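Residue numbers (our numbering): 1 to 241.
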C-alpha cells in the first residue's frame, strides 16, 4: 500500500522535508493534492467532524488507517521504516530534536516575509518584513547554522552526518533548509561554504545521492516560488555581516 502525503499543491513548503525522505528511500507514495480531486480530498480530511486522528494542518501522512501530522512527527514515524533513522532508540530522539530545531528555523524564515500576520499579504507588511529579514540575516542565520555546523563537527562518528555514521532524514532536512535559505537570501548566504564547511559538504553529498539527484531533476520537485515558505524578495535580502 502506498503512503499518502497531503500538502498544498504547487508548493515545496514543509511537505518537501517529507518528500525528500520518501524519494531517497524509493518509497511508494502518492502526493495526493497533485492528483485529480486531491486538494478536495485533503480538505475533506482537514474538515472532518469526527475521528480520533484529525490533523490541524498539512503536511500529514496517511499510512493505511493511521494519520500522522507534523513534519518532525512524520519523519520520526517514517525514519525507521525507510532506513533513515539511527538504529539506537536514544539516537532517534537526538535526530528528532534536530528535526524540531530545523522546524524552528523554518518558522523564522517564514516570518521574515510575514512578520505581522499570516492573514495579511506580504505587500501589507513590507516595512516590518524588511526589519525582520535584516535581523534574521544578521543574527538568526548565523545562530542556527553555526549550531548545525557544531553538531556535524562534534559528532563522535565523524562530520559527514549530524547523527551517527550514516545518512538519516536529518541530513536530507538540513539539505532542504540550506537550499531554501540560498533561494530566499542569496546575498545573505554569501560566504556560506567558508563559514560552514561541514554543512556545505553535507549539502553537496545529499545532492549527489542517486535518488535525490534524480528527484531534483524531475518534475516531481516543485520549484521554489513566492507562495512558499522560502521566498526571494530582493528588497529583503542583504549581505551577511
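For glycine and all other residues, C-beta sits at the position ideal for the given N, C-alpha and C. Keep in mind the model is a prediction, meaning the values are calculated, not measured.
So residue i is in the alpha helix (DSSP H); what residue range does that whole segment cover?
i: residue 183; result: 169-184
i: residue 142; result: 141-153
i: residue 106; result: 89-111
i: residue 240; result: No alpha helix (DSSP H) holds residue 240; DSSP gives it neither H nor E.
i: residue 19; result: 15-25
i: residue 130; result: 126-135
Classify residue i: buried if its beta carbon has 16 or more other beta carbons within 10 angstroms, exposed otherwise.
i: residue 53; result: exposed
i: residue 56; result: exposed
i: residue 231; result: buried
i: residue 166; result: exposed
i: residue 22; result: buried
i: residue 139; result: exposed
Can you list, in chain order, the residues of its chain with a C-beta nearer than 7 Å to that of residue i? Leave out the 5 residues immediately preceding and following it.
i: residue 110; result: 229
i: residue 242; result: Residue 242 lies beyond the stretch modelled for the chain, which goes from 1 to 241, so this question has no answer here.
Using a beta-carbon distance below 8 Å, is residue i in contact with chain C?
i: residue 128; result: Absent from the structure: chain C. Only one protein chain is present.
Which two residues bound the contiguous beta strand (DSSP E) that contains residue i?
i: residue 6; result: 3-6
i: residue 206; result: Taken as a continuous stretch (DSSP letters only), residue 206 belongs to no beta strand (DSSP E), being part of the alpha helix (DSSP H) at 197-208.
i: residue 242; result: With the chain covering 1 to 241 only, the question about residue 242 has no answer from this structure.
Whose C-beta lies closer than 6 Å to the C-beta of residue i among residues of the same chain, with five residues either side of it excluded?
i: residue 28; result: 2
i: residue 241; result: 138
Can you name the residues that DSSP bridges to residue i?
i: residue 60; result: 6, 69
i: residue 30; result: 4
Within the same chain, show all residues whose beta-carbon is closer than 8 Å to that of residue i, passing over the 5 residues directly before and after it, in chain order.
i: residue 209; result: 24, 167
Is the region 61-72 touching the region 2-9, taking contact as three or more C-beta pairs under 8 Å? yes
Segment contact flag, the region 117-135 with the region 146-166, C-beta cutoff 8 Å, min 3 pairs: no
Is there contact here, the region 215-227 with the region 164-175, by at least three beta-carbon pairs under 8 Å? no
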